[in-house]
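Trainee:
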């Protein structure tokens with residue numbers, strides 16, 4: 001292949017490039033400086049948007065965030081296990097939450113028992129196939145949930161049917177229920193089966209998910225702080241005795 005032809009092929013891009021980045025091949029010569037400027041502008045806009053949504057979440061849900069963390073800390077101190085669940089990107093958030101509880105990223109934090117209800121794909125597909133996708137979390141709540149445990153459900157819309165049904169089952173079994181939702185909180189915020197609903201009041205799913213990641217990491221830190229304070233108080237009482 002001649003050097004000129006190879007250069008031309010590179011300029012045209014692969015089929016993949018043309019499919020996912022059509023603006024790069026729309027005609028005319030694309031200046032690198034213009035592309036980099038657009039990328040920088042887009043990145044800064046996204047940063048501003050997610051910071052604004054984090055601030056809005058804190059402004060509207062500060063009390064719920066603190067109350068949920070305190071309730072979760074009391075449950076963990078009494079021996080609770082946390083069960084986390086969600087769909088799509090919320091699945092990976094649930095898994096991240098559980099990982100940070102089981103293997104804390106901060107050296108002095110204590111590991112806490114937790115299960116991500118999407119980790120066992122055999123269970124998820126079996127339940128989905130046999131009794132319906134809306135039951136994939138409910139059946140696991142029935143199997144794993146004990147009175148005093150914690151159920152954390154994540155839904156960007158707040159309306160995911162399988163998450164809502166899992167909350168209802170969790171409440172029947174005496175679990176503490178914590179929901180993370182976007183938009184106006186949807187049915188999660190209005191459900192009597194949800195003890196605490198922390199709403200990130202946005203309408204763009206990627207930004208909601210980023211704000212929710214901040215929420216559950218804040219919950220973890222607050223829970224660990226509450227547990228450490230309780231341990232410190234107990235140690236002081238022991239010394240005085």
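Numbering (full-length UniProt numbering), first residue to last: 1 to 241. Glycine included, every Cβ here is placed at the ideal spot set by N, Cα and C.
Taking the alpha carbon of residue 134 as the reference point, which residue from 107, 114, 163, 150 has its own alpha carbon closest?
Mentor: Selected option, being the one with the closest Cα: 163.
Trainee: For chain B, find out if any of its Cβ atoms is closer than 9 Å to the Cβ of residue 96; answer yes or no.
Mentor: Protein chains in the displayed structure number just one, and chain B is not present.
Trainee: What is the DSSP secondary structure of residue 200, counted as helix, strand or coil?
Mentor: strand
Trainee: Please name the residue or residues paired with residue 117 in a DSSP beta bridge.
Mentor: For residue 117, which the question treats as bridged, DSSP gives no partner whatsoever.
Trainee: My output table needs one value for residue 179: the three-state DSSP class, helix, strand or coil.
Mentor: DSSP places residue 179 in strand when its eight states are reduced to three.
Trainee: Under three-state DSSP, which class holds residue 150?
Mentor: Strand.
Trainee: Measuring straight from C-alpha to C-alpha, what distance separates residue 204 and residue 86?
Mentor: 17 Å
Trainee: Whole angstroms is fine: what's the gap from residue 145's alpha carbon to residue 55's?
Mentor: In a straight line, the C-alpha of residue 145 is about 34 Å away from that of residue 55.
Trainee: Whole angstroms are fine: how far does the CA of residue 216 sit from the CA of residue 197?
Mentor: 12 Å
Trainee: If you draw a straight line from the alpha carbon of residue 72 to that of residue 64, how long is it in whole angstroms?
Mentor: 12 Å
Trainee: Tell me which same chain residues have a C-beta within less than 8 Å of the C-beta of residue 53, skipping the five on either side of it?
Mentor: 200, 201, 202, 207, 208, 210, 211
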